[in-house]
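Heads up, the sequence shown is in the numbering used here, so the first residue is 315 and it goes up one at a time. Below you'll find the structure, written out as structure tokens, and then a few comments.
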Amino acid sequence: AVTVELANHCGAKLRKPLSGAPPAVGSEVVLGVRPEHFFEAGEGDCDIAVKADVAEHLGSVSYVYANAGPEELIIEREASRQRANGDHMVVSIKAGRSLLFDKSGARIR
Numbered sequence: 315a316v317t318v319e320l321a322n323h324c325g326a327k328l329r330k331p332l333s334g335a336p337p338a339v340g341s342e343v344v345l346g347v348r349p350e351h352f353f354e355a356g357e358g359d360c361d362i363a364v365k366a367d368v369a370e371h372l373g374s375v376s377y378v379y380a381n382a383g384p385e386e387l388i389i390e391r392e393a394s395r396q397r398a399n400g401d402h403m404v405v406s407i408k409a410g411r412s413l414l415f416d417k418s419g420a421r422i423r
């Protein structure tokens, strides 16, 4: 397993199990999370505060285009949990639902 420290998120850390060799200590990696793999605050392994820039309501789901510091995120939400443009919210990610990539874009497993 590897522990990933999320830059610009108050030292938030996520412990991610890997089946192969971990990246070198201190190396920069990219954490990928699909829109449908964001959860309500406290439901995952790591919470992240975001600001909704645009909320696109599409019937049973909404897509929230948000930013968490310099990172831009797309978050899928149930229609019953709609957000308005400019809202601040906290979302959670689960280690098992995230992907790691090295600087070249190759997936780290």
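A virtual CB, placed ideally from N, CA and C, is assigned to each residue, including glycine.
Test item: CB-CB of R348 and A409 under 7 Å: Position 34 of the sequence shown, counted from the start, is the residue given in the question as residue 348. Position 95 of the sequence shown, counted from the start, is the residue given in the question as residue 409. No; because the gap between Cβ atoms is not below 7 Å, this pair is not in contact.
Beta-carbon proximity check, F415 vs I389, cutoff 7 Å: Taking the first residue of the sequence shown as position 1, residue 415 is located at position 101. Taking the first residue of the sequence shown as position 1, residue 389 is located at position 75. Cβ distance not < 7 Å, so F415 and I389 don't count as in contact.
F417 versus G383 - alpha carbon distance: Counting from 1 along the sequence shown, the entry for residue 417 is found at position 103. Counting from 1 along the sequence shown, the entry for residue 383 is found at position 69. Per the sequence presented here, residue 417 reads as Lys, with Phe not at that position. Between K417 and G383, the C-alpha separation is close to 20 Å.
Supposed close pair V405, V364 - CB separation, criterion 8 Å: The residue given as residue 405 occupies position 91 in the sequence shown. The residue given as residue 364 occupies position 50 in the sequence shown. The pair is a contact, with the Cβ atoms about 6 Å apart (cut-off 8 Å).
Beta carbon of N399 nearer than 7 Å to that of A380: Start at 1 with the first residue of the sequence shown, and residue 399 comes out as number 85. Start at 1 with the first residue of the sequence shown, and residue 380 comes out as number 66. Taking 7 Å as the Cβ cut-off, N399 and A380 do not qualify as a contacting pair.
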